[in-house]
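Asks: So the sequence shown is numbered by the UniProt record's numbering: it starts at 1 and just counts up by one. Even for Gly, the Cβ is constructed at its ideal location relative to N, Cα and C. Please read all numbers here as calculations on a predicted model, not as lab measurements.
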Amino acid sequence: MSESSGSATEQELRIKEIQAARFVHVGRIQWLLIGAWTLFAVGLVLPHSGNAQGWQVLTFSSAAADSGVKLAEYIFVLIGFIAAIVCNLFLILTRRTVAANIGFLLSGIALLMSLFAMWMRLQSKENEGFSGIGIGFGIEILAVVVLVYALSALVFSKSEEQRQIEHLRATTEVTDEVACVQRDLQNQRKGENNPLLVDNRRRQAAEKRRSK
1 MSESSGSATE QELRIKEIQA ARFVHVGRIQ WLLIGAWTLF AVGLVLPHSG
51 NAQGWQVLTF SSAAADSGVK LAEYIFVLIG FIAAIVCNLF LILTRRTVAA
101 NIGFLLSGIA LLMSLFAMWM RLQSKENEGF SGIGIGFGIE ILAVVVLVYA
151 LSALVFSKSE EQRQIEHLRA TTEVTDEVAC VQRDLQNQRK GENNPLLVDN
201 RRRQAAEKRR SK
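1) Return the bridge partner residues of F23 from the DSSP annotation.
2) Report yes if the CB atom of I85 is closer than 8 Å to the CB atom of A21, and no otherwise.
3) Is it the case that the Cβ atoms of G136 and L44 are separated by a distance below 8 Å?
4) Whole angstroms is fine: what's the gap from A100's alpha carbon to L39's?
5) Let me know the secondary structure DSSP gives S61 once reduced to three states.
6) Determine, using beta carbons only, whether L151 and S124 come nearer to each other than 8 Å.
7) For the beta strand (DSSP E) containing S49, list its first residue and its last residue.
8) If we call anything under 8 Å between Cβ atoms a contact, is G103 one with V144?
9) Report yes if the CB atom of N51 is closer than 8 Å to the CB atom of A63, and no otherwise.
10) Kindly indicate which residue of L147, V146, I133 has the alpha-carbon position closest to the one of residue 268.
11) Starting from the Cα of S131, find the closest Cα among S49, V69, R28, I18 and give me that residue.
12) When you compare each of R14, E128, W31, T171 to L91 by their alpha carbons, which one comes out closest?
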């Protein structure tokens, strides 16, 4: 009875742990997420480079092509938009862990692409005479940096509820182990007090003496 109830409790704790892991505790990190969303949105309406604004790079418009926007810049703005605007907003509204994980992955890729995008933008300015890094481009990069920091704090941390469940599971496992040891000792003592086993051991000892 106790064994079945112990296993049931362990299973219930596992279910609770899985349910708790589906959501993240945002707390004060929420303001960083909102700040990253706002910064990237502002960056889209400001000049990316020359006469091209961020939203024109996002939509692959002719103004972006005329400003000499390179492939890495298109990729950065597109992935950054999905991470900082779409996934980030979904995370703020729902607190879902999957949104935090996807956003963290995409924001990391966007941050890496921003390095290539800045390098290509500076090369275009030096070699082709195009404009350099616009204020909107710089704000978008700042938004991605803030987002990566905020999401890393969420992805690599556990909520208070998860820590409590882990503690309960560890306590339950220790209790189950102690119960198993006690049950084994009781079975062993019952075996020692069993008259059939005692008579059997005496008979085996007598047979050994005769064989000698």
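Replies: Looking at the atomic coordinates:
1) R96
2) no
3) yes
4) 18 Å
5) coil
6) no
7) 47-49
8) no
9) yes
10) Coverage of the chain is limited to positions 1 through 212, which leaves residue 268 absent and any answer about it impossible.
11) S49
12) W31
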